[in-house]
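Report on the following structure.
4 protein chains.
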Amino acid sequence: MSLLNGKKAVVIGGDLRQLEVIRMLLEQQAEVSLAGYDELAQVPEGAVKVQLEQGPLAQADAIILPVAGTGNDGSVESSFTSESLMLTEELVAALPKHAIIFTGIAKSYLREICERYTLALVEILAREDVAIYNSIPTAEGAVMIAIQHTDVMLHGSRCIVLGLGRVGTTLARTLKALGADVAVCVHKPDAYARAYEMGLQPFYPPDLPQQAEQAGILFNTVPAPVITRDVISRLPRQALIIDLASHPGGTDFAYAKAQGIQALPALGLPGIVAPRSAGRIIGNVIVEMLDALS
Amino acid sequence: MSLLNGKKAVVIGGDLRQLEVIRMLLEQQAEVSLAGYDELAQVPEGAVKVQLEQGPLAQADAIILPVAGTGNDGSVESSFTSESLMLTEELVAALPKHAIIFTGIAKSYLREICERYTLALVEILAREDVAIYNSIPTAEGAVMIAIQHTDVMLHGSRCIVLGLGRVGTTLARTLKALGADVAVCVHKPDAYARAYEMGLQPFYPPDLPQQAEQAGILFNTVPAPVITRDVISRLPRQALIIDLASHPGGTDFAYAKAQGIQALPALGLPGIVAPRSAGRIIGNVIVEMLDALS
Amino acid sequence: MSLLNGKKAVVIGGDLRQLEVIRMLLEQQAEVSLAGYDELAQVPEGAVKVQLEQGPLAQADAIILPVAGTGNDGSVESSFTSESLMLTEELVAALPKHAIIFTGIAKSYLREICERYTLALVEILAREDVAIYNSIPTAEGAVMIAIQHTDVMLHGSRCIVLGLGRVGTTLARTLKALGADVAVCVHKPDAYARAYEMGLQPFYPPDLPQQAEQAGILFNTVPAPVITRDVISRLPRQALIIDLASHPGGTDFAYAKAQGIQALPALGLPGIVAPRSAGRIIGNVIVEMLDALS
Amino acid sequence: MSLLNGKKAVVIGGDLRQLEVIRMLLEQQAEVSLAGYDELAQVPEGAVKVQLEQGPLAQADAIILPVAGTGNDGSVESSFTSESLMLTEELVAALPKHAIIFTGIAKSYLREICERYTLALVEILAREDVAIYNSIPTAEGAVMIAIQHTDVMLHGSRCIVLGLGRVGTTLARTLKALGADVAVCVHKPDAYARAYEMGLQPFYPPDLPQQAEQAGILFNTVPAPVITRDVISRLPRQALIIDLASHPGGTDFAYAKAQGIQALPALGLPGIVAPRSAGRIIGNVIVEMLDALS
């Protein structure tokens, strides 16, 4: 991989993850400007703080937004400023035509504005490979929560993982490696076969309520209402639900609360338990794509 | 699962695997007729030997062919007879319209004749789930060959697996579990990410020649000419190639021989190292499909 | 295993773990009296609260003390009372000669008093098998702390485990199962060989300072001053030390603090992260020993 | 590690393993003489063939015998000569007093003669660490035999390992890693606990006959008559016994044969399935000990 000499990147807002991205860009000798970082005490050597209004975007090869992108009003969140930060249409209009806008995920505002100005928009979290890399800190975070919120060991406990997709595969493997007794709820015969090969105990959705009766911990990775009243009512009193599926999750949280079953939504774990690793996953994509353009 | 009471199955030819299929059908209380089994000493209780010419197919709900199906002349192989065994067009024409023909894979003769008489043909080995189940005995067979044909332990040896598909995934995991140092050659970023998550060392095809220089054993699962002269000429003198890809494999066997590199094609391992398990994998599909019809 | 019908057990003080022990004794139909439990709201069915002064010990077959035993003044800690609780010499003198006193570990007061009255004293945590069972929740607790207190994934991070004894073996295996890159510091050639077999990277103590230079997390299980100034001064700035060795641990905590290296003592993890499992480990020993006496 | 410059080693007899030992000694720049190698076509560069009668031992720092040592008549086996090869008392008497005699195991002849002339005798296979290293190729060999001699996959099959010592620990882990359902027969509570921690299913010897009823493969590592008539008579008809314990093993082979149960003694697996690795394990000890003398 050659270096990113001379490439100009403007990082707008973000959190701890972005510091790792900035570090990687600097390591590749990109020119890095930081907007929304006025409270960051130690500016990494080589980076400069800028104000968006003063025009740094006009020369930018890449704009790097936070994982959450922008709000639908163009607002950008930053952990490093208390000032308001906006990616206005005016600013976008000023970008060179070849500039790439990197974000984790994009809301409609960002999509539309990029389309309007025919700018390349890269939603990093939508990439299959990124989802797999992120499944690792997600699984570690889920393990941490499970250890914290139960009064038994994971080793030997009965865990049910709903879904054997990117996160489910990693999580089920991890739990099994820790000595848990792992069942997985799958939809298709090929996932059933792969689970069997992995030494997991597969079953199909219709068996979930019955399986729930023996569950110690239920981990959901499916973004659909799968942990229903019927499932919850069958759980042992001390069972724990950890819901990793994107908002609003797959659990009837209100019913779980009414039944006295502990149910925890757990979103954005990579940024919480491993921000530096999460930043590196994002940074790798940005560096690789900028490098490919050279 | 309900039983297959009254379902009539005619098993035509086959090898050790078919004995397990027969046992499973009988266990489900199907009526089982055996054609091409005249040298089988111990007929499983409940099964009867038949001659195809005497008309058993007219009442059949299912015909079960060997894994290899038929030749393009309609011939069927059997380990249990020295007589010739043929699935002629006349016999197929006599089948009830609802009958299902099960085979592992089908050649054009079988496909065309089933189409002509609008009969359901099930190619069991083409199923994704069956390919995954079969990847397990395939991986075990590959491990056995590797232990036999090297003078070092697998533990700590450098193994390269080409391809991270159904067989490659299982094989790579198995080798790693045995303590080998496992690299995998993948094509896509998502396979690269999954390999990383699995603790394997992924690389892309352009790096294969260089990777070959450190290889102890090269396992190929890709049905394309991937182990080329360039790769072979870089291998250490004591390296071993085990080629699991379907005929003709992906290795330049002639060149390997000329270079004094041991290269072994390894096909049909499930039927060789675990015929009873391989039969059960097939039998499960047949029983499940016949049951679904009830 | 037969039941403990009629066996009389007096449980004196304790924490959440003791509730599981009580449950197990009741399940085996022992008669269970609880001293120091006046604030426990839900007394398990079949158990009765007692005052030690009222003489329950005179009939006792077993006395069950907390994991920490007694203080050297005879005091006993309880999470379920705010009153003071004492195992006085007078009370011990009143015990039947066949009574067994169970504790986790014993201080000199308890040892001497048992010796004086020739009473059997069982230090449960001193048992080799109990130490191994407890190594499992200890390892899980250490993993939880590691995930919480680093900003990178464990997967792929460089972990060094000092010691390959009961805790070290379990912890090293667990970390490796999570995908960490695990080195272990061992003293003897057989531990070196076993570590190699387990896929870990063994080294001897003289190499520790050099190994420290690459460490992400250092887990100590050796009750001796092993993480010295020399080791700490070589650690990367973001390294984390988790010290699992019994008080005072093996780390120069003051020096670590001065150097800005995060160092966490982590004691009593089984009772913290998995009190119910920890109680079961203790309860299994008690039930088994009482049963053997029948 | 410094080099063995100038150290004189005489290798007497041996098999493929010795070639690796010779290679390692030469790599360390020792002077290597070979007795009993007249049929070895390619003498490694730097080594010289000698006749024992011509006095090479008088200058030797080390004598390296085969793994099996000598017969009780002083005879030494060699795969590389058809001549008789003897380590006579006269030859031993000629050795310098500082010379070390390396062997795998020693019979009484060799022990006595070394004692008589106060020569250091190193029985390499008696070392705890060497036994652990050798457990790895032993486990791989056992796996190979199991795959060859059963008609089912190891994955999912019920394996019982008798003994959780050096070989048992490695073998049980290996089988579990391959997806087998592994039970282990242990004698002591601490082995029971460790097996539990490893995810194995431990039981004590009195339960062996009952456990045998579900066994697919029985692996013995205990050098005592443990697989008795009672055990064998309970085994399923298709069970396989693989006996790894040193001669005469722990199986009633005659009774197994009479019952039609396949029972295979499997000795010396490292030298059979991985002679180069087995040689390296031996060579490491020799090089390290000679180096320590320098």
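Residue numbers (my numbering), protein chains in the order written: chain S, 1 to 294; chain F, 1001 to 1294; chain P, 2001 to 2294; chain Y, 3001 to 3294. Here a beta-carbon is modelled for each residue, glycine too, at the ideal position from N, C-alpha and C. On a predicted model such as this, the values are computed, not experimentally measured, just so you know.
Burial state of residue i, where buried means 16 or more other Cβ atoms lie within 10 Å
i: Y/Arg3116; result: exposed
i: Y/Gln3210; result: exposed
i: Y/Glu3112; result: exposed
i: Y/Ser3082; result: exposed
i: P/Asp2207; result: exposed
i: P/Gln2042; result: exposed
i: S/Leu95; result: buried
i: Y/Gly3055; result: exposed
i: S/Lys188; result: exposed
i: P/His2149; result: exposed
i: P/Ile2233; result: Reading off the sequence, residue 2233 of chain P comes out as Ser, not Ile. The residue in question, P/Ser2233, is exposed, as its Cβ has fewer than 16 Cβ neighbours within 10 Å.
i: Y/Gln3018; result: buried
i: S/Asn72; result: exposed
i: Y/His3155; result: buried
Unbroken alpha helix (DSSP H) run spanning residue i, endpoints
i: F/Ala1284; result: A small fix is needed here, since residue 1284 of chain F is Asn in this sequence, not Ala. Where F/Asn1284 is concerned, the enclosing alpha helix (DSSP H) stretches over Pro1275 to Leu1293.
i: Y/Leu3110; result: Ser3108 to Arg3116
i: Y/Ile3022; result: Leu3016 to Glu3027
i: F/Ala1172; result: Arg1166 to Ala1177
N-terminal and C-terminal residue of the beta strand (DSSP E) that residue i is part of
i: F/Glu1089; result: Looking at the DSSP string, F/Glu1089 is not in any beta strand (DSSP E); the run it does join, the alpha helix (DSSP H), is Glu1089 to Ala1093.
i: Y/Ile3145; result: Not the beta strand (DSSP E): Y/Ile3145 falls in the alpha helix (DSSP H), residues Glu3128 to His3149.
i: S/Thr162; result: It is worth fixing the name first, because residue 162 of chain S is Leu in this sequence and not Thr. Element bounds for S/Leu162: Arg158 to Leu162.
i: P/Ala2009; result: Lys2008 to Ile2012
i: F/Leu1003; result: First-last for F/Leu1003: undefined, no H or E at that position.
i: P/Ala2035; result: Glu2031 to Ala2035
i: F/Phe1102; result: Ile1100 to Thr1103
i: F/Val1043; result: No beta strand (DSSP E) holds F/Val1043; DSSP gives it neither H nor E.
i: Y/Gln3262; result: Gln3262 to Pro3265
i: Y/Val3122; result: Ala3120 to Glu3123
i: F/Lys1049; result: Val1048 to Val1050
Among the options, the one whose alpha carbon lies nearest that of residue i
i: Y/Leu3025; options: Y/Leu3057, Y/Pro3056, Y/Gly3036 and Y/Ile3063; result: Y/Ile3063
i: S/Leu200; options: Y/Asn3220, Y/Ile3145, Y/Lys3176 and Y/Thr3150; result: Y/Lys3176
i: P/Thr2118; options: P/Phe2102, P/Ile2105 and P/His2098; result: P/His2098
i: S/Tyr204; options: S/Ile217, S/Glu197, S/Gly216 and S/Asp190; result: S/Asp190
i: Y/Pro3137; options: Y/Ile3286, Y/Glu3288, Y/Ile3281 and Y/Leu3057; result: Y/Ile3281
i: F/Thr1251; options: F/Asp1230, F/Gly1268, F/Gln1238 and F/Gly1271; result: F/Asp1230
i: Y/Leu3244; options: Y/Ala3263, Y/Ile3232, Y/Leu3235 and Y/Ser3233; result: Y/Ala3263
i: Y/Ile3147; options: Y/Ala3239, Y/Ile3232 and Y/Ala3195; result: Y/Ala3239
i: P/Asp2181; options: P/Gln2214, P/Arg2166 and P/Ser2084; result: P/Gln2214
i: F/Leu1057; options: F/Leu1267, F/Ile1286, F/Met1144 and F/Leu1091; result: F/Leu1091
i: F/Glu1031; options: F/Val1048, F/Tyr1037, F/Phe1080 and F/Val1021; result: F/Val1048
i: F/Ser1079; options: F/Leu1218, F/Glu1123, F/Met1198 and F/Pro1066; result: F/Pro1066
i: Y/Ser3108; options: Y/Thr3070, Y/Glu3128, Y/Met3198 and Y/Leu3125; result: Y/Thr3070
i: S/Ile241; options: S/Leu3, S/Thr174 and S/Ala212; result: S/Ala212
i: F/Gly1006; options: F/Asp1015, F/Gln1028, F/Val1021 and F/Ile1022; result: F/Gln1028
Under 7 Å (Cβ pairs) to chain F, residues found in the segment 2192-2214 of chain P: If the cut-off is 7 Å between Cβ atoms, the segment 2192-2214 of chain P has Gly2199 near chain F.
What are the residues in the segment 226-249 of chain S lying within 9 Å of chain P by C-beta distance? The residues in question are Gln238.
My parser needs the alpha helix (DSSP H) runs of 4 or more residues fully inside the segment 3189-3257 of chain Y; what are they? Fully enclosed alpha helix (DSSP H) runs of 4 or longer: 3189-3197, 3208-3212 and 3229-3234.
Tell me which residues of the segment 3150-3178 of chain Y have at least one Cβ-Cβ distance to chain F shorter than 7 Å, keeping chain order. So the list reads Asp3151, Val3152, Met3153, Leu3154, His3155, Thr3174, Ala3177 and Leu3178, given in the order they occur along the chain.
Listed in chain order, which residues of the segment 115-137 of chain S have Cβ atoms closer than 8 Å to some Cβ of chain P? Correct list: Ile136 and Pro137.
Taking any Cβ of chain Y, which residues in the segment 1254-1281 of chain F have a Cβ under 7 Å from it, in chain order? Within the segment 1254-1281 of chain F, the qualifying residues are Val1273, Ala1274, Pro1275, Arg1276 and Ser1277.
What residues in the segment 180-192 of chain S bring their beta carbon closer than 9 Å to a beta carbon of chain F? Listed in chain order, the positions of the segment 180-192 of chain S with a beta carbon within less than 9 Å of a beta carbon of chain F are Lys188, Pro189, Asp190, Ala191 and Tyr192.
Can you give me, in chain order, the residues of the segment 13-27 of chain S that have a beta carbon less than 8 Å from any beta carbon in chain P? Going along the segment 13-27 of chain S in chain order, one finds Leu16 with a Cβ nearer than 8 Å to chain P.
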